[in-house]
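Enquirer: Following this message is one structure expressed as structure tokens.
2 protein chains.
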Amino acid sequence: MTVTLKDVATLAGVSVKTVSNVVNGYAFVKPENRRRVEEALAATGYRPNVGARNLRRGRTGFLALMVPELSIPYFGELAGLVITAAQKRGWSVLIEQTQGTRPRERETLSSLGPHLVDGALVHPEALEAADFPAEPGGIPLVMLGEHAVDVPIDHVAIDNVLAARTAVSHLTALGRKRIAAIGRNPARGTSSQRLAGYRSALTEAGLSYSDALVAPAEKWHRSVGAAAMKSLLALPSPPDAVFCFNDLLAIGALRAVAELGLRVPEDVAIVGFDNNEESAFSLPSLTTIAPDKTALAEAAVDLVHRRITGDTTSPPQDIQTPFALEIRESTRGR
Amino acid sequence: MTVTLKDVATLAGVSVKTVSNVVNGYAFVKPENRRRVEEALAATGYRPNVGARNLRRGRTGFLALMVPELSIPYFGELAGLVITAAQKRGWSVLIEQTQGTRPRERETLSSLGPHLVDGALVHPEALEAADFPAEPGGIPLVMLGEHAVDVPIDHVAIDNVLAARTAVSHLTALGRKRIAAIGRNPARGTSSQRLAGYRSALTEAGLSYSDALVAPAEKWHRSVGAAAMKSLLALPSPPDAVFCFNDLLAIGALRAVAELGLRVPEDVAIVGFDNNEESAFSLPSLTTIAPDKTALAEAAVDLVHRRITGDTTSPPQDIQTPFALEIRESTRGR
DNA sequence: GGTACTTTTTACATCGTTGGAACAACGTTG
DNA sequence: CAACGTTGTTCCAACGATGTAAAAAGTACC
Numbered sequence: 325m326t327v328t329l330k331d332v333a334t335l336a337g338v339s340v341k342t343v344s345n346v347v348n349g350y351a352f353v354k355p356e357n358r359r360r361v362e363e364a365l366a367a368t369g370y371r372p373n374v375g376a377r378n379l380r381r382g383r384t385g386f387l388a389l390m391v392p393e394l395s396i397p398y399f400g401e402l403a404g405l406v407i408t409a410a411q412k413r414g415w416s417v418l419i420e421q422t423q424g425t426r427p428r429e430r431e432t433l434s435s436l437g438p439h440l441v442d443g444a445l446v447h448p449e450a451l452e453a454a455d456f457p458a459e460p461g462g463i464p465l466v467m468l469g470e471h472a473v474d475v476p477i478d479h480v481a482i483d484n485v486l487a488a489r490t491a492v493s494h495l496t497a498l499g500r501k502r503i504a505a506i507g508r509n510p511a512r513g514t515s516s517q518r519l520a521g522y523r524s525a526l527t528e529a530g531l532s533y534s535d536a537l538v539a540p541a542e543k544w545h546r547s548v549g550a551a552a553m554k555s556l557l558a559l560p561s562p563p564d565a566v567f568c569f570n571d572l573l574a575i576g577a578l579r580a581v582a583e584l585g586l587r588v589p590e591d592v593a594i595v596g597f598d599n600n601e602e603s604a605f606s607l608p609s610l611t612t613i614a615p616d617k618t619a620l621a622e623a624a625v626d627l628v629h630r631r632i633t634g635d636t637t638s639p640p641q642d643i644q645t646p647f648a649l650e651i652r653e654s655t656r657g658r
Numbered sequence: 325m326t327v328t329l330k331d332v333a334t335l336a337g338v339s340v341k342t343v344s345n346v347v348n349g350y351a352f353v354k355p356e357n358r359r360r361v362e363e364a365l366a367a368t369g370y371r372p373n374v375g376a377r378n379l380r381r382g383r384t385g386f387l388a389l390m391v392p393e394l395s396i397p398y399f400g401e402l403a404g405l406v407i408t409a410a411q412k413r414g415w416s417v418l419i420e421q422t423q424g425t426r427p428r429e430r431e432t433l434s435s436l437g438p439h440l441v442d443g444a445l446v447h448p449e450a451l452e453a454a455d456f457p458a459e460p461g462g463i464p465l466v467m468l469g470e471h472a473v474d475v476p477i478d479h480v481a482i483d484n485v486l487a488a489r490t491a492v493s494h495l496t497a498l499g500r501k502r503i504a505a506i507g508r509n510p511a512r513g514t515s516s517q518r519l520a521g522y523r524s525a526l527t528e529a530g531l532s533y534s535d536a537l538v539a540p541a542e543k544w545h546r547s548v549g550a551a552a553m554k555s556l557l558a559l560p561s562p563p564d565a566v567f568c569f570n571d572l573l574a575i576g577a578l579r580a581v582a583e584l585g586l587r588v589p590e591d592v593a594i595v596g597f598d599n600n601e602e603s604a605f606s607l608p609s610l611t612t613i614a615p616d617k618t619a620l621a622e623a624a625v626d627l628v629h630r631r632i633t634g635d636t637t638s639p640p641q642d643i644q645t646p647f648a649l650e651i652r653e654s655t656r657g658r
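Going down the list, the protein sequences come from chains A and B. Every number in the numbering used here is 324 more than the matching position in the first sequence, counting from 1. Every number in the numbering used here is 324 more than the matching position in the second sequence, counting from 1.
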């Protein structure tokens with residue numbers, strides 16, 4: 325039922341290896357034979373057995389992508405782009421979800437042997453430096469997003485500090501004075517970086533920093549954003565603007581403001597981060613930092629590709645991909 | 325560098341096969357030897373070479389999931405659940421994106437050989453009956469969502485006609501008289517089914533059907549929903565309610581209504597379909613049909629699992645998973 | 001001690017493919 | 001025409017695992 329090289333060879337009247345040569349585009353095959361083999365290939369509908377080929381070649385043809393959850397829009401969008409980028413280079417992508425928890429991330433990382441995948445793109449959320457394999461014995465690893473500072477591993481991300489500063493400077497430029505932030509989470513590197521950007525923009529504008537205006541958020545989900553916004557608005561002197569560390573938090577914040585009968589941006593201006601597709605359609609639409617996700621995916625796949633195909637000597641790369649501030653109704657108004 | 329059975333065997337002082345027996349839990353191994361092998365396994369950190377194992381077993385350990393685009397929330401959420409369900413049963417999931425175009429769907433379908441994956445879950449958008457392999461020669465295939473009527477293939481979905489009727493009946497029960505629909509697309513089976521449900525609910529309520537109130541939508545994206553809503557509201561006698569064939573269209577419609585200065589649900593009530601996570605947070609939040617996506621994913625993975633592990637004789641199954649009407653502000657008000 | 005049976009281990013072939021070496025056919029050249 | 005390099009093809013081993021069957025070791029019984 326399954327067609328193997330042997331079947332094709334029998335049909336074409338040549339050896340198995342000659343068929344293999346044709347399939348793999350080896351140059352020196354007599355035109356006559358090539359023609360016969362190609363006919364036989366077409367007639368039988370031969371498809372190489374990927375497993376066997378990879379067993380022989382020592383490659384698997386798979387790339388792993390480790391993300392917290394596909395149901396989070398940012399990761400859904402990113403995964404789609406990674407798959408597309410990988411497909412261009414002949415790889416299939418295997419997705420592992422970790423729920424952003426450290427044990428699952430560790431487990432996933434250690435299960436990614438060279439037999440299963442040729443390389444991996446990982447988007448850790450809770451991992452710490454110690455969790456990374458000390459020996460580079462395994463497969464090439466490229467880290468996306470957060471930068472666990474002292475790990476010498478390839479890394480692709482936008483400049484989170486600068487992006488956060490850009491977002492908050494936009495708010496200070498609009499004349500907002502009490503600018504809050506939602507998303508503090510000491511366990512996440514991304515959070516520290518966006519917080520740093522937030523603080524530096526405040527300083528730059530001559531505004532003082534207040535811990536009370538920085539709401540924590542364990543999970544960066546919509547409901548958390550709503551709850552955090554409500555508690556900020558309950559403060560004695562509530563904020564007139566909020567920088568949310570991602571769009572989901574911001575969408576939740578939008579809703580909380582509306583439920584309290586206040587207006588965005590008149591009473592509170594809101595800026596998000598990620599530019600999820602939904603953020604262009606919320607009411608009001610959301611001003612946000614728009615990372616170039618396509619560039620991110622391409623750069624990451626490209627880097628892991630280079631590592632897999634030989635470049636093991638050059639030092640760990642740290643690639644920054646571009647972003648833009650997308651100004652919409654939640655700060656500009658209608 | 326890579327540890328094979330042979331290395332473990334040498335270390336433990338037994339044959340390769342005995343190690344294999346231990347690894348695979350074969351009963352008859354002398355306790356003493358079992359202990360030695362287990363120590364050696366631990367000491368070397370052995371991990372089986374999946375490729376080789378599967379070559380021998382004729383299994384790959386992979387399932388394919390074919391969807392239009394991961395960036396569409398419904399598919400992102402579904403994919404996440406499928407991966408989780410598959411993982412429970414020891415499978416990894418490979419995701420293929422088709423953009424919902426027929427050529428890409430055909431191509432993907434035919435590339436899914438038995439070497440690459442053990443089975444596939446496919447969510448076609450444009451495929452027609454003729455595109456399915458006539459011979460069941462390949463791998464087990466389970467279709468999700470739309471039912472291309474005359475193809476004898478396993479199928480898991482909710483009852484789309486009933487769900488659509490439930491949604492629209494909710495609108496008629498609220499006393500709405502001019503109920504529009506957005507999402508007509510003759511090339512998509514799902515569209516026909518939801519349209520049928522829409523019509524039957526109208527009939528049931530004694531309302532007449534009008535072609536003018538059914539807006540077409542090639543892609544079920546937010547921007548399309550917004551455009552369609554605007555053209556409906558520009559009609560001489562505009563609708564007082566709209567049933568959108570998915571939540572994205574509905575989110576777009578919400579926005580269009582707001583841009584025209586009208587109110588939801590006072591002027592126009594809106595119902596969506598899919599219950600994307602974002603729909604609970606839109607302003608107003610969206611009444612929608614909530615399919616039990618977890619049940620869908622579990623049922624589909626379970627079915628393909630049964631087919632792979634032997635059940636090839638029983639006739640194609642047609643499993644219906646539950647759904648519920650989730651009533652929110654876009655019809656109920658605040 | 002021999003026979004029959006069970007438990008445990010091993011050697012070997014095999015899955016489908018490709019790398020490498022060996023071999024064959026060919027035309028060129030001195 | 002012998003020697004040679006170039007092309008084209010075949011044969012064999014190997015990737016790492018497991019199924020099969022046979023060998024080896026152990027046990028029980030007469």
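Idealized CB from N, CA, C, for every residue including glycine.
1) How about residue 421 of chain A: is its C-beta nearer than 7 Å to some C-beta of chain B?
2) Quick check: what's the CA-CA separation for residue 635 of chain A versus residue 336 of chain B?
3) Please give the ranges of any alpha helix (DSSP H) in the region 366-437 of chain B, keeping only runs that are unbroken, at least 4 residues long and fully inside the region.
4) From the beta carbon of residue 579 of chain A, is the nearest beta carbon of chain B less than 7 Å away?
5) Taking the Cβ atom as the reference point for each residue, do residue 445 of chain B and residue 389 of chain B lie within a distance shorter than 7 Å?
6) In the region 438-501 of chain A, which residue ranges form an unbroken alpha helix (DSSP H) of at least 4 residues, counting only runs that do not cross its ends?
7) Decide if the region 478-485 of chain B is in contact with the region 641-649 of chain B; the criterion is three or more beta carbon pairs, one per stretch, under 8 Å apart.
8) For a contact defined as C-beta to C-beta under 8 Å, what are the partners of residue 439 of chain B on chain A?
9) Go ahead and pull the three-state DSSP assignment for residue 508 of chain A.
10) What residues in its chain sit with their C-beta under 6 Å from that of residue 545 of chain B, if we drop five residues either side in the sequence?
11) Taking the alpha-carbon of residue 597 of chain A as reference, which of A/553, A/616, A/586, A/590 has the nearest alpha-carbon?
12) In chain B, which residues lie less than 7 Å from residue 582 of chain A when you measure between Cβ atoms?
13) If you compare alpha carbons, which of A/508, A/521, A/495, A/499 is closest to residue 483 of chain A?
14) Output needed for residue 374 of chain B: all residues of its chain with C-beta closer than 7 Å, excluding positions within five of it in sequence on either side, in chain order.
15) Is residue 506 of chain B close to chain A, meaning its C-beta is less than 7 Å from at least one C-beta of that chain?
16) Less than 8 Å between C-beta atoms, sequence neighbours within five positions excluded: which residues of the same chain meet that for residue 619 of chain B?
17) Pull up the distance between the alpha-carbon of residue 631 of chain B and that of residue 589 of chain B, whole angstroms please.
18) Give me, in chain order, the residues of the same chain whose beta-carbon lies closer than 8 Å to that of residue 584 of chain B; leave out the 5 immediate sequence neighbours on both sides.
19) Could you pull the start and end residues of the alpha helix (DSSP H) that residue 517 of chain A belongs to?
20) Counting C-beta neighbours from all protein chains within 10 Å, is the total for residue 398 of chain A 16 or more, i.e. buried, or is it exposed?
21) Is the CB of residue 585 of chain B under 7 Å away from at least one CB in chain A?
22) Shortest alpha-carbon distance to residue 515 of chain A belongs to which of A/488, A/592, A/438?
23) With 7 Å set as the bound, which would you pick, yes or no: does the beta-carbon of residue 329 of chain A sit closer than that to a beta-carbon of chain B?
24) Alpha carbon to alpha carbon, what distance is there between residue 447 of chain B and residue 503 of chain B?
25) Pick out whichever of B/356, B/469, B/340 has its Cα sitting closest to the Cα of residue 313 of chain B.
26) Could you list which residues in chain A have their beta carbon closer than 9 Å to that of residue 344 of chain B, in chain order?
27) Would you tell me roughly how many angstroms separate the C-alpha atoms of residue 613 of chain A and residue 649 of chain A, rounded to the nearest one?
28) Whole angstroms are fine: how far does the CA of residue 364 of chain A sit from the CA of residue 429 of chain B?
29) Roughly how many whole angstroms lie between the Cα atoms of residue 561 of chain A and residue 537 of chain A?
30) Quick test of your reading: residue 541 of chain B and residue 507 of chain B, contact by CB under 8 Å. State the CB separation rounded to the nearest angstrom.
31) Which word fits residue 427 of chain B, buried or exposed, when buried means at least 16 other C-beta atoms lie within 10 angstroms of its C-beta?
32) At what residues does the alpha helix (DSSP H) containing residue 333 of chain A begin and finish?
33) Going by DSSP in three states, residue 618 of chain B sits in which element: helix, strand or coil?
34) Does the distance from the C-beta atom of residue 351 of chain B to that of residue 340 of chain B stay below 7 Å?
35) Express the C-alpha separation of residue 354 of chain B and residue 417 of chain B in angstroms, rounding to a whole number.
36) Going along chain B in order, which residues have a C-beta closer than 8 Å to the C-beta of residue 417 of chain A?
Expert: With the structure as the only source:
1) Position 97 of the first sequence, counted from the first residue, corresponds to residue 421 of chain A. When Cβ-Cβ separations below 7 Å define contact, residue 421 of chain A makes contact with chain B.
2) As a first step, residue 635 of chain A is located in the first sequence; it is residue number 311 there, counting from the start. As a first step, residue 336 of chain B is located in the second sequence; it is residue number 12 there, counting from the start. If you take the alpha carbons of residue 635 of chain A and residue 336 of chain B, they lie about 36 Å apart.
3) For the region 366-437 of chain B, whole alpha helix (DSSP H) runs of length 4 or above, ordered along the chain, are 374-381, 397-412, 426-435.
4) Taking the first sequence and counting its residues from 1, the one referred to as residue 579 of chain A is at position 255. Yes, contact with chain B.
5) For the purposes of this step, residue 445 of chain B is taken as the residue at position 121 of the second sequence. For the purposes of this step, residue 389 of chain B is taken as the residue at position 65 of the second sequence. Their beta carbons are under 7 Å apart, which means residue 445 of chain B touches residue 389 of chain B by this criterion.
6) 484-497
7) Cβ pair count under 8 Å is three or more, so yes.
8) Translated into positions along the second sequence, residue 439 of chain B becomes position 115. What residue 439 of chain B touches in chain A: 326, 371, 372, 373, 374, 375, 376.
9) Counting from 1 along the first sequence, the entry for residue 508 of chain A is found at position 184. Residue state, collapsed to three classes: strand.
10) As a position in the second sequence, residue 545 of chain B is number 221, starting the count at 1. For residue 545 of chain B, the CB contacts under 6 Å within the same chain, skipping 5 residues up- and downstream, are 572 in chain order.
11) Here residue 597 of chain A corresponds to residue number 273 of the first sequence, with the count starting at 1. For the residues A/553, A/616, A/586, A/590, the minimum Cα distance to residue 597 of chain A belongs to A/616.
12) Here the question's residue 582 of chain A lines up with position 258 in the first sequence. Under the 7 Å cutoff, chain B gives 607.
13) The count along the first sequence starts at 1 and reaches residue 483 of chain A at position 159. Closest in C-alpha terms to residue 483 of chain A, from the list A/508, A/521, A/495, A/499, comes A/521.
14) To locate residue 374 of chain B, count along the second sequence from 1; it is residue 50. Excluding sequence neighbours, residue 374 of chain B sits near 385.
15) Position 182 of the second sequence, counted from the first residue, corresponds to residue 506 of chain B. Judged by the 7 Å Cβ criterion, residue 506 of chain B is not in contact with chain A.
16) Counted from its first residue, the second sequence places residue 619 of chain B at position 295. So the qualifying residues of the chain are 645, 646.
17) Indexing the second sequence from 1 puts residue 631 of chain B at position 307. Indexing the second sequence from 1 puts residue 589 of chain B at position 265. The straight-line gap from Cα to Cα measures roughly 47 Å.
18) Residue mapping note: residue 584 of chain B aligns to position 260 of the second sequence, counting from 1. Here residue 584 of chain B has 554, 557 as same chain residues with Cβ atoms under 8 Å from its own Cβ, once five neighbours each way along the sequence are excluded.
19) As a first step, residue 517 of chain A must be located in the first sequence, where it is residue number 193. Counting along the chain, the alpha helix (DSSP H) containing residue 517 of chain A begins and ends at 513-528.
20) Numbered from 1 along the first sequence, position 74 holds the residue referred to as residue 398 of chain A. That one is buried.
21) Position 261 of the second sequence, counted from the first residue, corresponds to residue 585 of chain B. No, because no Cβ of chain A sits closer than 7 Å to the Cβ of residue 585 of chain B.
22) The count along the first sequence starts at 1 and reaches residue 515 of chain A at position 191. When each option's Cα is compared against that of residue 515 of chain A, the closest is A/488.
23) Numbered from 1 along the first sequence, position 5 holds the residue referred to as residue 329 of chain A. No, residue 329 of chain A lies away from the interface with chain B (no Cβ there is under 7 Å from its Cβ).
24) By one-based count along the second sequence, residue 503 of chain B stands at place 179. By one-based count along the second sequence, residue 447 of chain B stands at place 123. Those two C-alpha atoms are separated by around 29 Å.
25) Past the edges of chain B, shown from 325 to 658, lies residue 313 of chain B, and the structure says nothing about it.
26) As a first step, residue 344 of chain B is located in the second sequence; it is residue number 20 there, counting from the start. Within 9 Å Cβ-Cβ: nothing; residue 344 of chain B doesn't reach chain A, min ~15 Å.
27) Here residue 613 of chain A is taken as the residue at index 289 of the first sequence, counted from 1. Here residue 649 of chain A is taken as the residue at index 325 of the first sequence, counted from 1. In this structure, the straight-line span from the alpha carbon of residue 613 of chain A to that of residue 649 of chain A is close to 5 Å.
28) In the second sequence, residue 429 of chain B corresponds to position 105, counting from 1. In the first sequence, residue 364 of chain A corresponds to position 40, counting from 1. Rounded to the nearest angstrom, the gap between the Cα atoms of residue 429 of chain B and residue 364 of chain A is 26 Å.
29) For the purposes of this step, residue 561 of chain A is taken as residue 237 along the first sequence, with counting starting at 1. For the purposes of this step, residue 537 of chain A is taken as residue 213 along the first sequence, with counting starting at 1. Distance between the alpha carbons of residue 561 of chain A and residue 537 of chain A is about 10 Å.
30) As a working note, residue 541 of chain B is residue 217 in the second sequence. As a working note, residue 507 of chain B is residue 183 in the second sequence. 5 Å between Cβ atoms; contact.
31) By 1-based counting over the second sequence, the position of residue 427 of chain B is 103. The residue is exposed, with fewer than 16 neighbouring Cβ atoms inside 10 Å.
32) For this step, residue 333 of chain A is matched to residue 9 along the first sequence. Residues 329-336.
33) The count along the second sequence starts at 1 and reaches residue 618 of chain B at position 294. If DSSP states are grouped into helix, strand and coil, residue 618 of chain B belongs with the helices.
34) What you label residue 351 of chain B is simply residue 27 of the second sequence in a count that begins at 1. What you label residue 340 of chain B is simply residue 16 of the second sequence in a count that begins at 1. No, the Cβ-Cβ distance between residue 351 of chain B and residue 340 of chain B is not below 7 Å.
35) Residue 417 of chain B sits at position 93 when you count from the first residue of the second sequence. Residue 354 of chain B sits at position 30 when you count from the first residue of the second sequence. Separation of residue 417 of chain B and residue 354 of chain B (C-alpha to C-alpha, rounded to the nearest whole angstrom) is 37 Å.
36) One-based indexing of the first sequence puts residue 417 of chain A at position 93. Per Cβ cutoff of 8 Å: 418, 419.
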